[in-house]
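Peer 1: Protein chains in written order, with our numbering: chain A, 1 to 422; chain B, 1 to 422.
Okay, here's the structure, questions in a sec.
There are 2 protein chains.
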Amino acid sequence: MGIVVQKYGGSSVADATSVKRVAQRIVATKKAGHDVVVVVSAMGDTTDDLIELANEVAPLPTARELDMLLTAGERISMAVLAMAIGSLGHEARSFTGSQAGVITDAAHGRAKIIDVTPGRIESALAEGAIAIVAGFQGVSQTTKDITTLGRGGSDTTAVALAAALGAEVCEIYTDVDGIFTADPRIVPTARQIPKLSYEEMLEMAANGAKILHLRCVEYARRNDIPIHVRSSFSDKPGTWVVRTEDVDTMEQAIISGVAHDRSEAKITVVGVPDKVGFAASIFNALAEAQINIDMVVQNVSAAATALTDISFTLPRTDGQTAMTALARLQDTVGYERLQYDDSVGKVSIVGAGMRSEPGITARFFQALADVGVNIEMISTSEIRISVVVAEALVDAAVNAAHAEFELGNDEVEAVVYGGTGR
Amino acid sequence: MGIVVQKYGGSSVADATSVKRVAQRIVATKKAGHDVVVVVSAMGDTTDDLIELANEVAPLPTARELDMLLTAGERISMAVLAMAIGSLGHEARSFTGSQAGVITDAAHGRAKIIDVTPGRIESALAEGAIAIVAGFQGVSQTTKDITTLGRGGSDTTAVALAAALGAEVCEIYTDVDGIFTADPRIVPTARQIPKLSYEEMLEMAANGAKILHLRCVEYARRNDIPIHVRSSFSDKPGTWVVRTEDVDTMEQAIISGVAHDRSEAKITVVGVPDKVGFAASIFNALAEAQINIDMVVQNVSAAATALTDISFTLPRTDGQTAMTALARLQDTVGYERLQYDDSVGKVSIVGAGMRSEPGITARFFQALADVGVNIEMISTSEIRISVVVAEALVDAAVNAAHAEFELGNDEVEAVVYGGTGR
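This is how it looks when you write it as structure tokens:
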């Protein structure tokens, strides 16, 4: 049997008891005949505690030192996990990101993996040991300094190692059973999705589904690594994320799920002269301020005034920076005023099936209209339709879409889970 | 001006406030024109907390993983200290033991430094930065695994770096003002010693003085690195530890200090046949059990019985192991019985001046007799006399010796500190 990479998040290794439970799961996988490589995040709230400590001594800690500090978190969890496995009678060796060969660029706090050279991991596996690797961290190719990949980077570490080792699967363990058709806290009838394509998962992740991070899915898609998202608290099968051609078309729903996102704000630049280059200067200013904008809508110019309105969405955390950058442009661009609205939400339906099924947009919009939800902005991709609505109406919109496309159908769930006996 | 290496212990960086205070001291040294390399221990009780965590998941954690775990402690303190210096407007870069080039053997938990290749430290200094180095840790030359030097290893890291960098001094910061003529908690009139030779410091450290560790002093002596032990809570001059020829003979007392040690036990093997090889077989058994014995006394054989008693002292923590190892020998050696006594203490007077001063032993023993202290065992070196006494009499013995050799003389202290104004 081949190599299995397993990633455990902070909530799965929050305390000694959790660590021991995870150790038993790892040993079971080893006993089943697999070579096992484990990627682990920092225990529970360790990372937040370390950030708090940093802020106590320095209001603006340098990025290099913040990375050095935060990487202590996984160092603790991986060593403790290796010990717990050792006391079950199996050899486990822990490796830092640097020791595991996770080579990154030098962008502290948001480094990108540029190469993985897992020679020490391969040696450990060849000698029969279980390898435990610190997630979230690497070493800069140029400066040799320790780097971190940013929040959620441990998923990316796991997939990158799986790719470099030629693993047969990358299992992402979390505190929920898998990816759901919608957030179960909003839609009680939401059901777990057995299988999703990389493309669908990318759209879900980019539009608010928080289980997997965009970069991790992108890396898996590029390297064709199957991801299995599952719970560390049960043995249930979770959600597989695979190539489109590996999703059985018979079980492929038209719409796979409904995602939502309350982290964005909407800015409208009112009364922009409808002339060549004026819109470009606005978006250039935002790009220079390092702001990622999401959706953009430009209203049709009212011929009488030759003025237009430009609306766009962006992370709320960038709201103040964007407003400041835009305010500086008022004299040169000559717009009338800025409107800032952070009481908006985004609701998206995602499904590879919509490619070949006409009328999905109409059904989605009608379902929203039927529950009184007004659509403020629209954007679409080949397999996704997103709308911006008032934040207070997000729950109603998610439920309406979920019901319209029958995502909570109990019969489907019975078929999918019929064979597992759990 | 040259390079100054400063080492701060865990109590000096116990919390954010302490870290900031230490940062100011470091910046002051930098502003005075020195290149500064700082070696730092883990904050406060971090190491103990990590050991407790390890014990929660594994009763006998593997040594490799315990080292991986414990090194997270200095990683946190060094990064936080570098940030604190950064927020004072000076550049500081932190380095792990491995990054600082501290190469050790592979003996986890008690590794020995075999080389120091501080290329990255030198680069940082050349670029005007302050270098912060994790104490207590290194990397194995053979396995490339992370190692620790054992408790107190940070002092050794500091001296080893000072030697490799050609520093002009290694400053060891602690929570007391320096080395004292006796433990001030036992002898209220104890005074701080301004200057000691390496040899005297070695004898003091080996016989219970806890401020500096034996290995660190040995390393400094071999590489001729002056050590300055001082408080991180004041600007007072502390105690210099230097070559014998650099100790001004005019200020050289006959006895420099009185050390005591309550960590030992005494074992007596009663009724050993007084024949060739029988004593050897006892000490071979102890050596095989990895027990370091300290003092040994063999009583003169009573001619009538041709039996003798052998007494020795050893760390109390090894007592059980030693008794078990000796019990196995009873049949082959044929001794009568074993006596175990852990209510003993050792009191030592140390001073290079005793080389040229006859009668010291007599004065020491008389002083003990005058306060009713019975001597159970004796051992001596060229510059030290140690006695084993009942544990309950240790304080009385230390005070008697301190008074006999006038170590608390106020006039001497006034001369020594006369010029400092503090």
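Heads up, the beta-carbon is just placed ideally off N, CA and C, and yes, glycines get one too.
Report the residue from A/Met68, A/Val116, A/Ser197 whose alpha carbon sits nearest the alpha carbon of A/Gly109.
Peer 2: A/Met68
Peer 1: With distances taken from CA atoms, which of A/Ser348, A/Ile186, A/Val389 is nearest A/Ser256?
Peer 2: A/Ser348
Peer 1: With a CB to CB cut of under 8 Å and the five nearest residues on each side skipped, what residues in its chain are close to A/Gly352?
Peer 2: Just to set this straight, residue 352 of chain A is Ala in the shown sequence, not Gly. Taken in chain order, the residues that qualify are Ser197, Glu199, Glu200, Thr244, Val247, Gln252, Ser256, Ile383.
Peer 1: According to DSSP, what are the bridge partners of A/Cys170?
Peer 2: Answer by DSSP bridge pairing, in chain order: A/Val5, A/Ile227.
Peer 1: Between the C-alpha atoms of A/Thr62 and B/Ala160, what's the straight-line distance to the nearest angstrom?
Peer 2: 28 Å
Peer 1: At the level of alpha carbons, what is the spacing between B/Val416 and B/Thr174?
Peer 2: Because the pLDDT of B/Val416 is 35, which lies under 50, any placement of that residue in the model is unreliable, and the question is left without a value.
Peer 1: For A/Glu203 versus A/Val4, is the C-beta spacing smaller than 8 Å?
Peer 2: no
Peer 1: On the DSSP letters alone, give me the boundaries of the beta strand (DSSP E) that A/Ile312 sits inside.
Peer 2: A small fix is needed here, since residue 312 of chain A is Phe in this sequence, not Ile. Taken as a continuous stretch (DSSP letters only), the beta strand (DSSP E) holding A/Phe312 covers 307–315.
Peer 1: Which stretch, first to last residue, makes up the beta strand (DSSP E) that contains A/Gly345?
Peer 2: For A/Gly345, the enclosing beta strand (DSSP E) has its first and last residue at 344–350.
Peer 1: Determine, using beta-carbon pairs with one atom in the stretch 138–149 of chain A and one in the stretch 112–122 of chain A, whether at least three such pairs fall under 8 Å.
Peer 2: yes
Peer 1: Along chain A, which residues have their Cβ under 7 Å away from the Cβ of B/Glu56?
Peer 2: Ala16
Peer 1: Could you name the residues of chain A that B/Ala84 contacts, counting a contact when the two beta carbons are closer than 7 Å?
Peer 2: Neighbours of B/Ala84 on chain A, chain order: Val57, Ala58.
Peer 1: Kindly list the residues whose CB is nearer than 6 Å to the CB of B/Ile378, restricted to its own chain and excluding five residues on each side of it in sequence; keep chain order.
Peer 2: Answer for B/Ile378: Val387, listed in chain order.
Peer 1: Counting only the same chain and skipping the five closest in sequence on each side, list residues whose C-beta sits under 7 Å from that of A/Val169.
Peer 2: Val4, Pro226, His228
Peer 1: Rounding to the nearest angstrom, what Cα-Cα distance links A/Leu329 and A/Glu336 in this structure?
Peer 2: 11 Å
Peer 1: Since B/Glu391 and B/Phe364 are thought to touch, with beta carbons under 8 Å apart, how far apart are those beta carbons, to the nearest angstrom?
Peer 2: About 19 Å separates the beta carbon of B/Glu391 from that of B/Phe364, a gap too long to meet the 8 Å contact definition.
Peer 1: For a cutoff of 8 Å on Cβ pairs, would you count B/Arg64 as touching chain A?
Peer 2: yes
Peer 1: Reducing DSSP to helix, strand and coil, say where B/Met43 ends up.
Peer 2: coil
Peer 1: With DSSP as the reference, label B/Tyr340 as helix, strand or coil.
Peer 2: strand
Peer 1: Any idea if B/Leu284 is buried or exposed, counting beta-carbon neighbours within 10 angstroms, 16 or more meaning buried?
Peer 2: Note that residue 284 of chain B is Asn in the sequence shown here, rather than Leu. With fewer than 16 Cβ atoms within 10 Å of its Cβ, B/Asn284 is classed as exposed.
Peer 1: So the candidates are A/Gly152, A/Ala362, A/Ala369, A/Leu60; which of them puts its Cα closest to the Cα of A/Thr47?
Peer 2: The candidate whose alpha carbon is nearest that of A/Thr47 is A/Gly152.
Peer 1: Can you give me the Cβ contacts of A/Asp342 inside the same chain, cut-off strictly under 7 Å, excluding the 5 residues immediately before and after it?
Peer 2: Only Ala265, Arg316, Gly319 meet the Cβ criterion.
Peer 1: Apart from the five residues on each side of it in sequence, which residues of its chain come closer than 8 Å, Cβ to Cβ, to A/Ala396?
Peer 2: Result list for A/Ala396: Val371, Gly372, Val373, in chain order.
Peer 1: So, for A/Thr427: in the same chain, excluding its five sequence neighbours on each side, which residues have a beta-carbon less than 7 Å away from its beta-carbon?
Peer 2: Since the first residue of chain A shown is 1 and the last is 422, residue 427 of chain A is not available in this structure.
Peer 1: So B/Lys20 contacts chain A; which residues on that side make the cut at Cβ distance below 7 Å?
Peer 2: Val57
Peer 1: Starting from B/Ala259, trace the beta strand (DSSP E) in both directions and tell me its first and last residue.
Peer 2: 257–261
Peer 1: May I have the straight-line CA-CA distance separating A/Glu413 from A/Thr189, to the nearest angstrom?
Peer 2: Caution is warranted here: a pLDDT of 42 is assigned to A/Glu413, below 50, making its placement in the model unreliable, and the coordinate value is therefore given only provisionally. Distance between the alpha carbons of A/Glu413 and A/Thr189: 11 Å.
Peer 1: Output, in sequence order along the chain, the residues in the stretch 309–340 of chain A whose CB is closer than 7 Å to any CB in chain B.
Peer 2: none
Peer 1: From the DSSP output, read off the bridge partner residues of B/Val37.
Peer 2: B/Val5, B/Ala131
Peer 1: For A/Leu214 and B/Met43, what's the separation of their Cα atoms in angstroms?
Peer 2: 37 Å
Peer 1: Using the rule of at least 16 other Cβ atoms within 10 Å of the residue's Cβ for burial, across every protein chain shown, is B/Ala424 buried or exposed?
Peer 2: Past the edges of chain B, shown from 1 to 422, lies residue 424 of chain B, and the structure says nothing about it.
Peer 1: Look at the alpha carbon of A/Arg422 and the alpha carbon of A/Lys236, and state the distance between them as a whole number of angstroms.
Peer 2: In this prediction, A/Arg422 has a pLDDT of 29, which is less than 50 and means its spatial position is unreliable; what the coordinates show is noted afterwards. When rounded, the distance between both Cα atoms is 7 Å.
Peer 1: Does B/Val5 have its Cβ less than 8 Å from a Cβ in chain A?
Peer 2: no
Peer 1: Among residues of its own chain, excluding the 5 on either side of A/Thr420, which ones have a beta-carbon nearer than 8 Å to its beta-carbon?
Peer 2: In this prediction, A/Thr420 scores a pLDDT of 32, lower than 50, which makes its location untrustworthy; no coordinate-derived value is stated.
Peer 1: Is A/Thr361 buried or exposed, if buried means 16 or more other CB atoms sit within 10 Å of its CB?
Peer 2: exposed
Peer 1: Going along the chain, which unbroken runs of the beta strand (DSSP E) with 3 or more residues stay wholly within the stretch 364–412 of chain A?
Peer 2: 377–381, 384–390
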